[in-house]
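Heads up: the sequence shown begins at 90 in this note's numbering, then just goes up one per residue.
Glycine included, C-beta positions come from ideal geometry on N, C-alpha and C.
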Amino acid sequence: MKLNIIVLALFGLLFSACQDDFLQLPISSATTVDSVFSTTVKAQSAIAEAYQKNLSQGLPYQGFWNSMIHENLTGGLNYGFAWTISQGIIITGMNANGSSQDMDGFNYNYTTIRQACLVKENIDKVRDMSAADKAMVKAEMKALLAYRYGQMLTIWGGVPLVSRSFQAAEDLTVPRSSVKAVLDSVVSWCDQAAEVLPAKWPDTFSGRMTKAAALSIKAKALMYAARPLFNTGTPYLDFGVNNALICLGNNDPSRWTTAAQAAEAALAEAENNGGFRLINTGNPLDDYGTATSTPGNAEVILAYKSNESWQMNTFYNVHNWQAYGNVLLTTQLEAYYKQDGTDQSWPTMGSDPLPFSDYLSKMKDMEARFKACFQPWQMDAWNNPGDNSWSNQNTFQWELTGCARSTKFYYKAGSRGWFEFPIFRVASLYLSAAEAYNESGQTAKALERLNKVHQRAGLPAITVTNQAALRKIIQREWAAEFFAENYRLQDIKHWKLENIGSGIIGGSIRTFAFNNGNGAKMTGNTNYQSKIEYQGFWAPRQYLNPFPQYEVNKAIIVQNPGY
Numbered sequence: 090m091k092l093n094i095i096v097l098a099l100f101g102l103l104f105s106a107c108q109d110d111f112l113q114l115p116i117s118s119a120t121t122v123d124s125v126f127s128t129t130v131k132a133q134s135a136i137a138e139a140y141q142k143n144l145s146q147g148l149p150y151q152g153f154w155n156s157m158i159h160e161n162l163t164g165g166l167n168y169g170f171a172w173t174i175s176q177g178i179i180i181t182g183m184n185a186n187g188s189s190q191d192m193d194g195f196n197y198n199y200t201t202i203r204q205a206c207l208v209k210e211n212i213d214k215v216r217d218m219s220a221a222d223k224a225m226v227k228a229e230m231k232a233l234l235a236y237r238y239g240q241m242l243t244i245w246g247g248v249p250l251v252s253r254s255f256q257a258a259e260d261l262t263v264p265r266s267s268v269k270a271v272l273d274s275v276v277s278w279c280d281q282a283a284e285v286l287p288a289k290w291p292d293t294f295s296g297r298m299t300k301a302a303a304l305s306i307k308a309k310a311l312m313y314a315a316r317p318l319f320n321t322g323t324p325y326l327d328f329g330v331n332n333a334l335i336c337l338g339n340n341d342p343s344r345w346t347t348a349a350q351a352a353e354a355a356l357a358e359a360e361n362n363g364g365f366r367l368i369n370t371g372n373p374l375d376d377y378g379t380a381t382s383t384p385g386n387a388e389v390i391l392a393y394k395s396n397e398s399w400q401m402n403t404f405y406n407v408h409n410w411q412a413y414g415n416v417l418l419t420t421q422l423e424a425y426y427k428q429d430g431t432d433q434s435w436p437t438m439g440s441d442p443l444p445f446s447d448y449l450s451k452m453k454d455m456e457a458r459f460k461a462c463f464q465p466w467q468m469d470a471w472n473n474p475g476d477n478s479w480s481n482q483n484t485f486q487w488e489l490t491g492c493a494r495s496t497k498f499y500y501k502a503g504s505r506g507w508f509e510f511p512i513f514r515v516a517s518l519y520l521s522a523a524e525a526y527n528e529s530g531q532t533a534k535a536l537e538r539l540n541k542v543h544q545r546a547g548l549p550a551i552t553v554t555n556q557a558a559l560r561k562i563i564q565r566e567w568a569a570e571f572f573a574e575n576y577r578l579q580d581i582k583h584w585k586l587e588n589i590g591s592g593i594i595g596g597s598i599r600t601f602a603f604n605n606g607n608g609a610k611m612t613g614n615t616n617y618q619s620k621i622e623y624q625g626f627w628a629p630r631q632y633l634n635p636f637p638q639y640e641v642n643k644a645i646i647v648q649n650p651g652y
């Protein structure tokens with residue numbers, strides 16, 4: 090049974106389900122379902138659609154203009170023009186009647202979930218598929234359910250658990266489940282899937298769920314469960330009798346041990362059985378660039394595979410980068426080290442402008458991960474050396490401020506517009522283990538796991554043993570290693586960072602201005618200085634997203650506190 094999700098064929102009748110209401114029944118019939126699942130060839134489209142929909146969370150699957158919204162909301166990238174999704178959220182915050190950080194919107198999650206359920210429930214009808222292949226497909230769908238619910242959990246807390254398709258005569262009122270119930274479901278689905286899924290697939294089946302992928306989904310969910318936002322008996326806002334919808338009800342240090350064990354189990358499966366590995370040949374720029382940009386590389390455990398340039402190229406078009414919010418801001422810049430592992434000295438607010446030569450010199454002295462992700466002004470991109478499309482002369486349309494422009498995911502890509510978004514890399518399991526070990530007091534293990542990632546970047550080993558100091562270093566490593574990979578926004582919320590409202594999500598968001606407070610030019614820049622790009626909004630209610638008001642008005646879903 091061959092499934093190629095790089096070519097994501099859509100099956101029209103099933104795709105029409107649940108477009109407006111997350112519990113709306115699809116416009117289909119038993120005859121239609123029987124037809125779709127009559128043969129393997131026909132079922133492949135429904136399976137591929139389940140992959141595409143469920144793995145698209147946070148990505149521009151539905152053609153949104155602003156495709157890096159997570160980085161825009163964290164002070165990592167600018168929000169672009171006023172018509173982008175991010176602008177309103179950054180300036181005035183999220184609200185129940187407007188946009189939220191989940192680009193697809195709350196309801197679309199249940200469209201994706203229903204698709205996986207339809208496949209899981211009907212795959213047995215396929216006449217020319219073996220029992221073993223049917224069991225495999227069911228395991229894949231369970232893993233997809235776990236992934237989507239794990240993402241929803243980190244964004245909203247407890248959500249309605251809908252793990253099967255509904256019939257017209259059934260009661261469609263499904264209230265929110267607790268954080269614990271959703272977490273337990275994610276873990277259970279992952280365990281069930283891992284028992285069936287293979288360690289690896291033949292190359293012709295590239296992109297399908299493996300045992301390592303299922304265990305990575307589990308490890309991520311348990312990591313967020315151990316972090317301060319959920320791992321408490323005192324939630325970020327008092328929710329009274331509904332506290333279980335936004336936290337786990339107590340502070341249990343053993344959750345860190347559980348998270349470490351889950352990360353180690355996923356890592357062992359990935360490296361020992363799955364053929365995945367942390368790419369480290371001793372060339373930091375090439376290693377990191379390959380790990381994040383090359384389709385089908387050995388470090389990526391699970392990717393969103395799509396070759397549709399109009400979807401994935403929105404943000405990285407050579408000429409349209411500014412409008413879509415693709416310009417580096419100071420907070421993310423400061424996450425990176427110099428090549429020698431020390432901190433770079435960037436201009437501070439209120440200081441006099443520095444020569445532009447200082448800017449160029451400092452940019453050239455940055456670590457390899459920065460060079461794989463960004464192109465400074467008046468320089469050719471490091472990520473595609475010698476390629477005219479990525480040269481300085483093809484960078485500018487007008488003068489604009491910002492520290493640099495993003496080029497991540499296109500290392501040695503040339504003219505390729507599409508890329509395979511890395512959902513899980515081996516590096517994430519090393520950092521998850523490092524974080525969990527540090528929080529559980531196992532410093533030596535934390536350093537060993539952290540330095541696997543840190544030294545791969547060409548940096549000297551971290552030797553700090555103080556738990557609080559090491560915590561900040563690990564959090565910084567997450568920011569540098571996983572820029573634009575849909576981690577940062579949820580990470581800083583679930584860590585409950587003390588400065589979240591003072592220069593990260595809220596407060597003064599900084600960047601660079603050039604030529605005495607103006608924009609950078611293609612050539613002839615004279616100086617640069619720090620400036621405030623805008624004032625971001627932050628309120629504690631934003632630790633979790635609001636549910637759409639029209640869903641709350643149905644008196645089934647309880648709104649998150651503060652909205």
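| Query | Result |
| --- | --- |
| Evaluate contact between the segment 549-561 and the segment 287-303, counting only Cβ atoms and requiring at least three cross-stretch pairs below 8 angstroms. | no |
| Checking contacts by CB at 8 angstroms: is Pro384 closer than that to chain B? | Given the protein chain composition of this structure (a single chain), no chain B is represented. |
| Residues in the same chain with beta-carbon distance under 7 angstroms from Leu234, minus the five sequence neighbours each way, listed in chain order, please. | Ile202, Ala205, Ser252 and Trp278 |
| Cutting at 8 angstroms between CB atoms, please list the residues of its own chain near Leu43, excluding the five before and the five after it. | The structure shown does not extend to residue 43, since the chain is modelled only from 90 to 652, so the question has no answer here. |
| Using a Cβ-based criterion (distance less than 7 angstroms to any ligand heavy atom), does Ser175 qualify as near the ligand FMN? | The ligand FMN is not among the ligands present in this structure, which contains no ligands whatsoever. |
| Out of Phe445, Val208 and Phe328, which one is the CA nearest neighbour of Ser619? | Phe445 |
| Alpha carbon to alpha carbon, what distance is there between Glu528 and Arg630? | 26 angstroms |
| Quick check: the segment 369-377 against the segment 345-354, are at least 3 beta-carbon pairs closer than 8 angstroms? | no |
| With a threshold of 8 angstroms, are at least 3 pairs of Cβ atoms found where one atom belongs to the segment 501-515 and the other to the segment 464-480? | yes |
| Is Asp217 buried or exposed, if buried means 16 or more other CB atoms sit within 10 Å of its CB? | exposed |
| Can we say the segment 546-559 touches the segment 437-454, given the rule of at least three CB pairs closer than 8 angstroms? | no |
| Out of Ala573, Gly329, Ala333 and Asn614, state which residue places its alpha-carbon closest to the alpha-carbon of Asn320. | Ala333 |
| Tell me the rounded alpha-carbon separation between Ser675 and Ser450. | Missing from the structure shown is residue 675; the chain here goes from 90 to 652 and no further. |
| Starting from Arg599, trace the beta strand (DSSP E) in both directions and tell me its first and last residue. | Gly596 to Phe603 |
| Quick check: Ser305 and Leu391, are their CB atoms within less than 8 angstroms of each other? | yes |
| Report the three-state DSSP secondary structure of Asn332 (helix, strand or coil). | helix |
| What's the C-alpha gap between Thr419 and Met455? | 14 angstroms |
| For Lys427, name the three-state secondary structure that DSSP assigns. | strand |
| Leaving out five residues on either side along the sequence, give the residues of the same chain with a beta carbon under 6 angstroms from the beta carbon of Gly595. | Gly625, Phe626 and Trp627 |
| Given a cut-off of 8 angstroms, decide if Cys462 and Phe601 are closer than it, judged by their beta-carbon atoms. | no |
| Under 8 angstroms Cβ to Cβ from Gly664, same chain only, skipping five residues before and after it: list those, please. | The first residue shown for the chain is 90 and the last is 652, placing residue 664 beyond what the model contains. |
| Which class does Asn481 belong to by DSSP, given the choice of helix, strand or coil? | helix |
| Starting from the C-beta of Leu144, find all residues in its chain whose C-beta is less than 6 angstroms away, skip the five residues before and the five after it, and write them out in chain order. | Tyr393 |
| What would DSSP say about Glu388, mapped onto helix, strand or coil? | coil |
| Figure out for me which residue from Asp260, Thr323, Cys336 and Ala357 has the closest Cα to the Cα of Ala301. | Ala357 |
| Quick check: the Cα distance between Ala424 and Ala568, rounded to an integer number of angstroms? | 6 angstroms |
| If you compare alpha carbons, which of Leu422, Asn540 and Gly430 is closest to Arg599? | Leu422 |
| Between Gly606 and Tyr617, what straight-line distance do the alpha-carbon atoms span, to the nearest angstrom? | 8 angstroms |
| Using 8 angstroms for Cβ pairs, my map puts Leu166 next to Asn415. What's the rounded Cβ distance? | 6 angstroms |
| Which runs of the alpha helix (DSSP H), 4 residues or longer, sit entirely within the segment 473-557? | 515-528 and 532-545 |
| Cβ of Phe498 within 8 angstroms of Cβ of Ser395? | no |
| Per DSSP, what kind of secondary structure is Ile368 in: helix, strand or coil? | coil |
| Can you tell me which residues form a DSSP beta bridge with Leu443? | Tyr617 |
| Which residue wins for smallest C-alpha separation from Asn186, given the options Ile645, Pro637, Gly651 and Val647? | Pro637 |
| Quick check: the Cα distance between Tyr199 and Thr612, rounded to an integer number of angstroms? | 50 angstroms |
| Grouping DSSP H, G and I as helix and E and B as strand, with all else coil, what is Met298? | coil |
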